[in-house]
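Here the sequence shown stands for residues 7 to 162, numbered as in the numbering used here.
All residues carry an ideal CB built from backbone N, CA and C; glycine is no exception.
Taking it in order: structure first as structure tokens, then the write-up.
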Amino acid sequence: MIRTFNLEDTNYIINSHYELYNKEYNYDLSFRDFISKNMEGFIERADIIKERIWILEVDKERRGSISIKKVNENVAQLGMFLVDPNLRGAGFGNQLVQTAIDFCRQTHYKTIILWTNNDLKAARHIYKNNGFRLIKTRKQTLSNQELLEELWELSI
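The structure is reproduced here in structure tokens:
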């Protein structure tokens, strides 16, 4: 089941992202701070019309998330995309992305952007299959990692 975020989900989003990226990619605590700041911004803005976070629940347990953040009236940014590693390949990631795209259509965004990196192969595959296209890359040091960041875009 995919449901909308409530404040009780805040720690889940922060901790699940940090734990997964630390375990799979050796990200340091600065990544936890990055996610925490994103969550603080979402809660402070409280723009329930143009922004949203969804939680994936399986057997009444939180197992994933995705968000849409307003960049401007026409552009939304997809983020906080995560699926529990034990559920990968079961279609939940695609369901989360489709939920976010549907919301953007309903709220009359024209474009969705997202930043990812080239190491996130499964996520990149989902983005591509949903019509996103890679438009820009840049080398960046984040969370003590040398990354090739990618900007993806979907016109809707």
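### Query
Over what stretch of residues does the beta strand (DSSP E) that includes M7 continue unbroken?
Element bounds for M7: n/a, residue is neither H nor E.
### Message
Just list the residues that DSSP pairs R58 with in beta bridges.
### Response
Residue pairing for R58: DSSP places it in a beta bridge opposite I74.
### Query
Looking at the structure shown, is T105 part of a helix, part of a strand, or coil, going by DSSP?
DSSP places T105 in helix when its eight states are reduced to three.
### Task
Please list, in chain order, all residues of the same chain as K76 whose beta carbon is under 7 Å from its beta carbon, the five residues on each side excluded.
The answer, listed in chain order, is D53, K56, E57 and A82.
### Query
If you follow the beta strand (DSSP E) that N123 is part of, which residue opens it and which one closes it?
Going by DSSP, N123 is part of the beta strand (DSSP E) stretching over T117 to N123.
### Query
Touching or not, the segment 96-116 and the segment 142-156, by the rule of three or more beta carbon pairs under 8 Å?
Here the segment 96-116 does not lie against the segment 142-156, with fewer than 3 beta-carbon pairs under 8 Å apart.
### Query
Taking 7 Å as the line, does the beta carbon of I61 fall inside it for any heavy atom of the ligand NAP?
Summarising the ligand content, the structure contains no ligands, and the ligand NAP is consequently not present.
### Query
How would you call E46, buried or exposed, if buried means at least 16 neighbouring beta carbons within 10 angstroms?
That one is exposed.
### Message
Can you give me the C-alpha to C-alpha distance between T122 and I8, rounded to a whole angstrom?
### Response
For T122 and I8, the gap between their C-alpha atoms comes out near 22 Å.
### Query
Is the distance from the Cβ of F138 to the Cβ of L154 below 8 Å?
No, Cβ-Cβ distance for F138 and L154 is not below 8 Å.
### Message
Looking only at its chain, what residues have a beta carbon closer than 6 Å to the beta carbon of Y133, apart from the 5 residues adjacent to it on each side?
### Response
So the qualifying residues of the chain are W158.
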